[in-house]
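>
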Amino acid sequence: MSDKSAAWNTKNLGIPDEFSKFVRHHPSELMLRSLFSSTYSTNPPKITSDTRVLDIGAMYMNNLVPFHDRGARCFGVEINEDMVSIARRCAEQQSIAADIRVGSNRSLGHENDSFDIVLSINVVHYENDQAGLRAAIEEYHRVLDKDGRLFVVSAGSEHYIRLNAKHLGPNRFEITADDFRRGQVMAYFEDEAQLGELLSEKFRLVETGRVIEKHARANVDFLYAVAVK
Ligand SMILES: C[S@@+](CC[C@H](N)C(=O)[O-])C[C@H]1O[C@@H](n2cnc3c(N)ncnc32)[C@H](O)[C@@H]1O
Numbered sequence: 009m010s011d012k013s014a015a016w017n018t019k020n021l022g023i024p025d026e027f028s029k030f031v032r033h034h035p036s037e038l039m040l041r042s043l044f045s046s047t048y049s050t051n052p053p054k055i056t057s058d059t060r061v062l063d064i065g066a067m068y069m070n071n072l073v074p075f076h077d078r079g080a081r082c083f084g085v086e087i088n089e090d091m092v093s094i095a096r097r098c099a100e101q102q103s104i105a106a107d108i109r110v111g112s113n114r115s116l117g118h119e120n121d122s123f124d125i126v127l128s129i130n131v132v133h134y135e136n137d138q139a140g141l142r143a144a145i146e147e148y149h150r151v152l153d154k155d156g157r158l159f160v161v162s163a164g165s166e167h168y169i170r171l172n173a174k175h176l177g178p179n180r181f182e183i184t185a186d187d188f189r190r191g192q193v194m195a196y197f198e199d200e201a202q203l204g205e206l207l208s209e210k211f212r213l214v215e216t217g218r219v220i221e222k223h224a225r226a227n228v229d230f231l232y233a234v235a236v237k
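Residue numbers for the sequence shown follow the numbering used here, so the first one is 9 and each next one is one higher.
1. May I have the straight-line CA-CA distance separating D63 from L207, to the nearest angstrom?
2. Determine the contact status of L231 and G140, defining contact as a CB-CB distance below 8 Å.
3. Using DSSP bridges, identify the partner residues of I108.
4. Could you check which residue in P74, Q101, H33 and E166 has the C-alpha nearest to that of E26?
5. Tell me the DSSP secondary structure of M91 in three-state form.
6. On a CA-only basis, which of R109, S115, N20 and S162 is nearest A201? Give me that one, please.
7. By the 10 Å Cβ neighbour count, where 16 or more other Cβ atoms means buried, how is P53 classified, buried or exposed?
8. For K12, which residues does DSSP report across the bridge?
9. Would you report the Cα separation of I129 and Y196, rounded to the nearest angstrom?
10. So, V92 versus I104, is the Cβ gap smaller than 8 Å?
11. Expressed to the nearest angstrom, what Euclidean distance is found between the alpha-carbon atoms of F75 and N172?
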């Protein structure tokens with residue numbers, strides 16, 4: 009396992025030894041607007057008890073909660089065994105029935121055409137470069153069924169972790185922020201337009217957006233897309 013993958017672990021995330029002290033996390037508001045409402049996206053999915061949804065980097069299971077509430081079939085992948093165990097304990101604590109296994113952006117460990125929805129929320133940039141981004145997009149496309157929806161989110165240029173990153177070359181950014189990811193190279197999309205362009209190489213309909221929140225101490229900036237296979 010690379011150092012970058014191994015950095016995702018109980019210690020770096022500060023998970024308490026006594027898991028009952030762990031407080032559940034909440035779903036992405038951006039995902040709720042994009043996928044659960046017809047006000048924002050042109051192509052929001054239908055979510056029923058037949059829907060098969062895969063969350064890549066499921067971590068605290070927070071983004072699967074609204075799917076579970078609607079009876080959907082929930083699947084998660086995590087980058088290593090420690091992270092799988094965190095996700096499984098989070099699922100158990102919230103009574104979410106889910107298939108959670110080891111998998112990564114470029115190797116999801118599921119058959120072709122297995123899902124109606126694939127979530128990649130702040131996960132795709134753990135690739136190393138543009139080739140990695142393309143390979144991840146191809147893998148997301150492979151596991152989606154016909155007409156399946158991909159929801160992808162990554163950090164934009166104003167995001168506090170990316171803000172002072174060193175731009176090493178196309179889609180290569182070295183993190184300088186004071187964080188456990190300091191020194192790692194992330195494959196961020198250059199901008200919203202490039203996110204759309206790379207997705208359009210594989211997906212038949214692609215819609216992109218951007219959300220910037222300005223706060224007193226730090227800003228967040230998310231580039232996102234809903235793409236249809
Ligand atoms: C910033 S967290 C996001 C967690 C969750 N998706 C969310 O939005 O709350 C990044 C997640 O990506 C996972 N991860 C790291 N490298 C990965 C890779 N190469 N492929 C897939 N997942 C990865 C981490 O274990 C972690 O769960």
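Ideal Cβ positions, reconstructed from N, Cα and C, are used throughout, including at glycine.
Answer, in terms of the structure:
1. Each residue's alpha carbon lies about 18 Å from the other.
2. no
3. G84
4. For E26, the nearest C-alpha among the options comes from Q101.
5. helix
6. It is S162 whose Cα lies nearest to the Cα of A201.
7. buried
8. Paired residue(s): none; K12 is not in a bridge.
9. 13 Å
10. no
11. Their backbone Cα atoms lie some 36 Å apart in a straight line.
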